[in-house]
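In the working numbering, the protein residues as written are 1 to 731.
C-beta: ideal position from N, C-alpha, C; glycine also.
It should be emphasised that the depicted structure is a prediction, and the values quoted were computed from it without experimental measurement.
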């Protein structure tokens, strides 16, 4: 606080120089009031990001750790462009995307592999080793015989490309950057360096002739960025060790806890009056309590995806700022709490010190040894010894009794971590179709082609769409986007019903591809406004009621059939038809790219698809096809001739208002009347009005050709003929 005050005051009075002087004075005041900041161990990197700095230290990792790494090679971003549309005078739309090629160094020692990868806090690679975006990743574990990466070798030439042996790194090739604002994201990697972790693995690779087979219980991983001495010092803060350099091999072991301590003789009294304990041969004192005893342990928490976390020791708070131990290790909350509790108890217990003089050197009495003192209770540990003229002086500290360093069973909470969802990419489901002209969208001369694209779970991230015009060549239609259409499968066969009335008898059982998807119920007012339109097979329906039966299964009732001029498909249903809710989430398709061949197909491929998904186009041609006429009528004249008439309908003009006829959507009004089979008629007539007179003589000629001849009428539209309407049957 004083630093801020003096810095601000100095800036006001003396500008930048005054601010610097004020900051220095304020820091001295803060130190005098609150004591210096006491932090032990290498500082934890709470918000470490991927960097690329020349000369940056690449750490050694042991066990499992989450690390940022350093970019050691990269190319410029690769731009990809894709043009869509542009036919019949329409403007072409060009979309751009970017990919990146780069390599990230992770560890300066060999590793076993890579687990999860985070990019800007989101999962780029999950537990199942699946990349969440398109691209290729290659892992080089740092083996002594690993070859150069083929991408780097191709870009830099094999003569200039190093193999980076002994260095673990990953290479990303054509990594899609659309999820990361078209830039290389900040990456962190779950490095799997070893199956188990002990002190020998941490130090033995650097120091020869060392025996440090000391397990580190509870530690899943550890990061070393400095010399082995620094690692020993860091770990010894929470796990005391003994170091024996008397032999040919340096031995590092856990501090002894033996009950059979060495019994020392009575202290030797020195002759000189200036020696310590002149009358008794020993002195005893209690070291003053630390002004900043270690009470906080910072570590990487396993339950929070290796995020930096804190555990505090219990007990009476001390004045000033408590000491903090930074331990660059991966722990769970319970282990971290136990470590800081035992550390705090041990430091307080060992404040009791004794200086003891002996006259004979015992090889068993050396630094780290436990001893018993005559007349003084407890066990004492030899911290150091010195051979002097007056005898051998031992510096002792009180040792924890066996079991005293075991902390009480205290609860530990890692805190809440907002971990990103890790799920496998969903499988793509695709239904392609045309929709009738609705009078408001587009023009009556352009087909309305759509694709309903969806995935079977929320992790589906869209698919790339392509058109196959029937020749096997795939033409890009663009991405589907992430919005999922509501798609399912109809298990019941929809029976025949009259499209003129609300079908209250039929029910439809639908299984949606994702149980999380919903179908709404509506009232008759919303039904009249066109809500709840759905495609079932090749019939468009509306439904009033949607009742969930659990597990993504729904029962639909209150149906309006044959909507949009699809009444001819009412009797053509079968089991396991596609169900699509017509609304948001449909992807419009470029008709120029898709073409008009009857064998055209739409192909989709998403991240979770092993093979492309393809489908034919349902309701093919319905946008440009006129609606079939309705209300057939026959009037018999006195001379025996028949007057056949009908009522015209129009594409996109669904309301039928009283007093006026529907507008003519086609360029001209024309009808084709046929006698016999529709595709191979015995006779045909073309008329510009909704009526035709058939004389008795013509009827006699036709009946002589066949016993029962149906007569149909079809409206001739600008682009196609309507479905036929049966007018009557001869004779």
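1. Leaving out five residues before and five after residue 671 in sequence, what residues of the same chain have Cβ atoms less than 6 Å from its Cβ?
2. Using three-state DSSP, classify residue 36 as helix, strand or coil.
3. Let me see if you follow: with CB-CB separation under 8 Å, is residue 708 close to chain C or not?
4. Report the residue ranges of all beta strand (DSSP E) runs contained in full by the segment 606–632; include only those spanning at least 3 residues, in chain order.
5. In angstroms with no decimal places, state the Cα-to-Cα distance between residue 598 and residue 469.
6. For the segment 473–522, which segments carrying the beta strand (DSSP E) assignment without a break, of at least 3 residues, lie completely within its bounds, in sequence order?
7. Could you give the first and the last residue of the continuous beta strand (DSSP E) run that contains residue 309?
8. Would residue 387 be called buried (16 or more neighbouring beta carbons within 10 Å of its own) or exposed?
9. May I ask you to report which of helix, strand or coil DSSP gives residue 72?
10. With DSSP as the reference, label residue 284 as helix, strand or coil.
11. Considering only the alpha carbon of each residue, which of 696, 616, 650 lies closest to residue 637?
12. Looking at residue 514 and the ligand ATP, is the gap between the Cβ and the nearest heavy atom below 7 Å?
13. Using three-state DSSP, classify residue 459 as helix, strand or coil.
14. As a quick exercise: from 97, 668, 80, pick the residue whose alpha carbon is nearest that of residue 720.
15. Taking the C-alpha atoms as reference points, what is the distance between residue 416 and residue 123?
16. Starting from residue 355 and walking both ways along the beta strand (DSSP E), at which residues does that stretch end?
17. May I ask you to verify whether the segment 127–141 touches the segment 109–117, counting CB pairs closer than 8 Å and requiring at least 3?
18. What is the rounded straight-line gap between the Cα of residue 693 and the Cα of residue 711?
19. In terms of residues, what are the limits of the alpha helix (DSSP H) holding residue 150?
20. Rounded to the nearest angstrom, what separates residue 718 and residue 498 at their Cα positions?
21. So which of 202, 219, 217, 218 has the shortest CA-CA distance to residue 211?
22. With a cut-off of 8 Å on the beta carbons, I'd call residue 436 and residue 565 a contact; round off their distance for me.
23. Short of 6 Å in beta carbon distance, which residues of its chain neighbour residue 519, apart from the five on each side in sequence? Order them along the chain.
24. Is residue 65 helix, strand or coil when you go by DSSP?
25. Would DSSP call residue 555 helix, strand or coil?
26. Return helix, strand or coil for residue 536, following the three-state DSSP convention.
27. Could you tell me which residues DSSP pairs with residue 372 in its beta bridges?
28. Residues bridged to residue 718 by DSSP?
29. Please list, in chain order, all residues of the same chain as residue 727 whose beta carbon is under 6 Å from its beta carbon, the five residues on each side excluded.
30. Please go through the same chain and pick out, in chain order, the residues whose beta-carbon is closer than 6 Å to the beta-carbon of residue 174, but skip the five residues on each side of it.
31. Indicate the three-state DSSP secondary structure (helix, strand or coil) for residue 235 in the structure shown.
32. Considering only DSSP beta bridges, list what residue 117 is partnered with.
33. With DSSP as the reference, label residue 568 as helix, strand or coil.
34. Return the chain-ordered list of same chain residues with a C-beta closer than 6 Å to the C-beta of residue 708, the five sequence neighbours on each side being excluded.
35. Just curious, the alpha helix (DSSP H) that residue 525 is in, first and last residue?
36. Of all the options 311, 296, 662, which has the alpha carbon lying nearest to the alpha carbon of residue 318?
Taking the definition as stated:
1. 687, 713, 715
2. Residue placement at residue 36 cannot be trusted, given a pLDDT of 47 that sits under 50; what the coordinates show is reported in the next sentence. Residue 36: coil per DSSP, three-state reduction.
3. This model lacks chain C altogether; it includes just one protein chain.
4. The segment 606–632 contains these whole beta strand (DSSP E) runs: 613–618.
5. 8 Å
6. 474–479, 487–490, 503–512
7. 307–312
8. The residue in question, residue 387, is exposed, as its Cβ has fewer than 16 Cβ neighbours within 10 Å.
9. strand
10. strand
11. 696
12. Although the ligand ATP was asked about, the structure shown includes no ligands whatsoever.
13. DSSP places residue 459 in coil when its eight states are reduced to three.
14. 668
15. 18 Å
16. It spans 352–358 - the beta strand (DSSP E) in which residue 355 sits, taken as one unbroken run.
17. yes
18. Their Cα atoms are separated by approximately 12 Å.
19. 150–156
20. 29 Å
21. 202
22. Contact holds; Cβ gap of about 6 Å.
23. Within the same chain, residue 519 has close Cβ partners 546, 554.
24. strand
25. strand
26. strand
27. 263
28. DSSP, once it has assigned bridges, lists no residue as partnering residue 718.
29. The residues are 632, 644, 711, 713.
30. 99, 135
31. In this structure, residue 235 counts as helix in the three-state DSSP scheme.
32. 125, 189
33. helix
34. 729
35. 524–528
36. 296
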